[in-house]
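The next block holds one structure in the form of structure tokens; read it before the comments.
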Amino acid sequence: MYLALLVIFLQCSELYTEDRVFTFNTVEIKVQPSVKVQNGAPVSIICHADISKSTDFQMKHNFTIFKDGKLVFMTVSDRGDAQYDIPMARSSDTGDYECTVEAGGKTKSSSSVHVWVTGMTKPILTAEKKEVLEGEVVKLRCELPEEVPPLHFIFRKIKMNSTPKEKPVFEAYRNYSVVEFSVEEGDNILQFDCFAKRNVKLEFDSSEYSNKTLVTVREPFIKPTLKAKPLSNITEGDRIQLECSTVVARMRDIEIILQKNKTILSSVRDEKLLKYSTVATLEDSGEYLCKVEQGRASKSTKLNIVVSELFPKPILAASMNNLDENKELTLSCSVNGFRRANFSILRKNPHGDTLLRNSRNFTMRASVSDTGSYTCKAEVKGIVKESKPVRINVYAPVSKPTLSVVSGLPEVVLGKPLQLICRSAMGTPPITFTFYKGNEVKKIVTNDTYATFLDENIKHNDKRGYRCDARNNHSSSMKTSNVLNVTVIVPIRNASLGSIPNGQVEDGSEVAFLCSVNEGSWPIRFRLYRKANQEDLISEKNESADRVVWHKDGMSRQDTGSYYCVASNRANVDVKSRPITINVILATWQKGVIAAFVLIPMAGAVALALWWFLFKKKKAKGPSMEMSGPPLAPNLTTDKLSRQHNDGDYYSGSGYIEDNENHMKSTDESKGPDLESAEVEYTEVEVSTLDPHRAPVLKGTETVYSEIRKANNDSVENRHSRIQGHPDAT
21 MYLALLVIFL QCSELYTEDR VFTFNTVEIK VQPSVKVQNG APVSIICHAD
71 ISKSTDFQMK HNFTIFKDGK LVFMTVSDRG DAQYDIPMAR SSDTGDYECT
121 VEAGGKTKSS SSVHVWVTGM TKPILTAEKK EVLEGEVVKL RCELPEEVPP
171 LHFIFRKIKM NSTPKEKPVF EAYRNYSVVE FSVEEGDNIL QFDCFAKRNV
221 KLEFDSSEYS NKTLVTVREP FIKPTLKAKP LSNITEGDRI QLECSTVVAR
271 MRDIEIILQK NKTILSSVRD EKLLKYSTVA TLEDSGEYLC KVEQGRASKS
321 TKLNIVVSEL FPKPILAASM NNLDENKELT LSCSVNGFRR ANFSILRKNP
371 HGDTLLRNSR NFTMRASVSD TGSYTCKAEV KGIVKESKPV RINVYAPVSK
421 PTLSVVSGLP EVVLGKPLQL ICRSAMGTPP ITFTFYKGNE VKKIVTNDTY
471 ATFLDENIKH NDKRGYRCDA RNNHSSSMKT SNVLNVTVIV PIRNASLGSI
521 PNGQVEDGSE VAFLCSVNEG SWPIRFRLYR KANQEDLISE KNESADRVVW
571 HKDGMSRQDT GSYYCVASNR ANVDVKSRPI TINVILATWQ KGVIAAFVLI
621 PMAGAVALAL WWFLFKKKKA KGPSMEMSGP PLAPNLTTDK LSRQHNDGDY
671 YSGSGYIEDN ENHMKSTDES KGPDLESAEV EYTEVEVSTL DPHRAPVLKG
721 TETVYSEIRK ANNDSVENRH SRIQGHPDAT
């Protein structure tokens, strides 16, 4: 029974659930009367939900309306519509609106709609003062209480019969702004207003103009008056007096300034009148300005004054402008059409003019120190005028110039430039110098006391001399220097070293070293060096030749080493030869002594051993030989032993060929200019032992020295010492 009731309950619940099924079709937002409304007009934002239901049942709907993502309205209704009313729309209500509906756990949102409230509220303008003085400022405040920033404010200053002056101000965080306008000269009654703008969708929306504010301006002082006495017919020498005056409301901080061409002539403070007096000159003609200032207020008056010329500027004339020293010079001062004047002639100096004479004319005998500028002055009725300066040049003649090489010595290294200098000890500059090479003009230079010339085309056999001329504006003729001959130094080229004998030298003998160069100017400095464990200077000579010979006596084993020579001249370039090698060997008599004391005893010992061996063998074979046949002849035995010895004694093939090759090579190379060395060759001779069954010969190997020597006549002598295996050999 209970089970049947449970089944019935579940069936009923299922039927109830199926009856409350719904879905959102659309959710949309509408604006009435329009998405674009005028400022102050009513506007309604309506959110409508279109819902489909399985049956007719009541539901609660949660409506939420957003403006620019911010919540502005929320309500709960059992109907499908909700309305957000704005009685008086303002510009702050402009924005993007959308709504969201939530019902039965389901939510759906509408698309956004942009509402634009056109127009803005009228701004309110207030002024801090209603009455101000010229030079003061008017402080204004423009406000839009019902608008929200950011806003652009524009203030206007309105004058009668003139275009309004505007001041724009941007306010990012305030709905009001404050500015100041200065009150300028000529401002009487001023009107001010303002309006505002805001940016909506890249378009500006402007408000209407605010109320107009009236400001009255009072003058702190009147425009100044500028007078001149006399007012007209002013001539140079007349005294002229200027007066500038004004009327002020208060005397504090009042200032009167008189100026001409932006140059202040005079000024007074806290006074109503300024006076200025001077003796009129032609330069006093022009426009004068009187300005009165107090605070920011400023007023000015202009007056033009014309001064007539009393007499023109004087003219200074010279008998000549360029003259030789000790010549007579006359200076004359005059004024066109005017003779009654006080004249003076002066010389211009950097630290002040020097008076020469209070006269119309001045004559002097000129010297070089009188070179300079001269003027004259004329004075009439206290008016002094000065002439234009006149330049006078007094010249002394040039002295005979001297031509020399800048480096000092009259020589130059081939390939290097030659710099010459031409000087003239006396003579008034500018001086013109002319350089000659032979009879050819190479350079013309105008300078004060000297000039230089660089000759970069120096040749080996250049024999042309140099000279220079000097002249200035003196009437005398030009002067010519002496001819300068320059020695061309040829640098050293290709040094070589040779020796006689070359290569091997016997102990105690003499060696001649020859160092020569292919090219180079004399004298030449020759130096001979030996390099063994260190480099040692052997000898040094200065020769006016391209070669030098050194003789060294008593060569010893310590003189073995590598030799080279270095050559240099005034070109200061060291040229080094290729090195040669000198080996000091034993002399012939030294070898003989060694042979006498070493080889002869050894040969005797060998002969004794051979005799003993033959004696023992002959004694053992004596009976058998006598039985077998007649004895051998003595000469036959000797020949056989000699033949066997010659077959076994031979030279090593490689050593022999090498020795001959060196002999030929040494001979060929000795013909060259460098006298190159020939190396000592060692030839090994092997003495083979004879067959013990044929003849007893001592086993051993001896080394024989072969010497190659080169003489002056290029002859070559080979010596080979051989030790043979014959018992009688020494």
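Residues in the sequence shown are numbered consecutively from 21, following my numbering. All C-beta atoms, glycine included, are put in the ideal place defined by N, C-alpha and C. Keep in mind the model is a prediction, meaning the values are calculated, not measured.
Could you tell me which residues DSSP puts in a beta bridge with residue i?
| i | result |
| --- | --- |
| residue 188 | 174 |
| residue 97 | 81 |
| residue 532 | 520, 571 |
| residue 392 | 412 |
| residue 374 | 367 |
| residue 344 | 415 |
| residue 455 | 463, 488 |
| residue 267 | Answer is none; residue 267 lacks a bridge partner. |
| residue 258 | None; residue 258 has no bridge partner. |
| residue 52 | 64 |
| residue 116 | 134 |
| residue 275 | 289, 313 |
| residue 403 | 400 |
| residue 556 | 550 |
Using three-state DSSP, classify residue i as helix, strand or coil.
| i | result |
| --- | --- |
| residue 136 | strand |
| residue 542 | coil |
| residue 77 | coil |
| residue 384 | strand |
| residue 613 | helix |
| residue 630 | helix |
| residue 354 | strand |
| residue 130 | coil |
| residue 431 | strand |
| residue 635 | helix |
| residue 326 | coil |
| residue 60 | coil |
| residue 618 | helix |
Look at the alpha carbon of residue i and the alpha carbon of residue j, and state the distance between them as a whole number of angstroms.
| i | j | result |
| --- | --- | --- |
| residue 624 | residue 576 | 33 Å |
| residue 225 | residue 60 | 15 Å |
| residue 93 | residue 126 | 20 Å |
| residue 371 | residue 336 | 22 Å |
| residue 546 | residue 443 | 39 Å |
| residue 143 | residue 150 | 19 Å |
| residue 424 | residue 399 | 57 Å |
| residue 268 | residue 230 | 36 Å |
| residue 487 | residue 446 | 18 Å |
| residue 531 | residue 571 | 6 Å |
| residue 81 | residue 106 | 22 Å |
| residue 587 | residue 612 | 42 Å |
| residue 282 | residue 275 | 17 Å |
Buried or exposed: where does residue i fall if 16 or more other Cβ atoms within 10 Å of its Cβ makes it buried?
| i | result |
| --- | --- |
| residue 140 | buried |
| residue 99 | exposed |
| residue 473 | buried |
| residue 228 | exposed |
| residue 193 | exposed |
| residue 604 | buried |
| residue 480 | exposed |
| residue 177 | buried |
| residue 654 | Here residue 654 scores only 38 on pLDDT, less than 50, and its place in the model is too uncertain to base an answer on. |
| residue 491 | buried |
| residue 412 | buried |
| residue 167 | buried |
| residue 748 | Low confidence applies here, because residue 748 scores a pLDDT of 35, under 50, leaving its location unreliable; read the following figure in that light. Per the 10 Å Cβ criterion, exposed. |
Would the beta-carbon of residue i fall within 8 Å of that of residue j?
| i | j | result |
| --- | --- | --- |
| residue 189 | residue 210 | no |
| residue 441 | residue 452 | no |
| residue 215 | residue 174 | yes |
| residue 164 | residue 233 | no |
| residue 159 | residue 115 | no |
| residue 243 | residue 321 | yes |
| residue 393 | residue 418 | no |
| residue 380 | residue 352 | yes |
| residue 54 | residue 218 | no |
| residue 525 | residue 602 | yes |
| residue 506 | residue 461 | no |
| residue 541 | residue 510 | yes |
| residue 365 | residue 248 | no |
| residue 156 | residue 198 | no |
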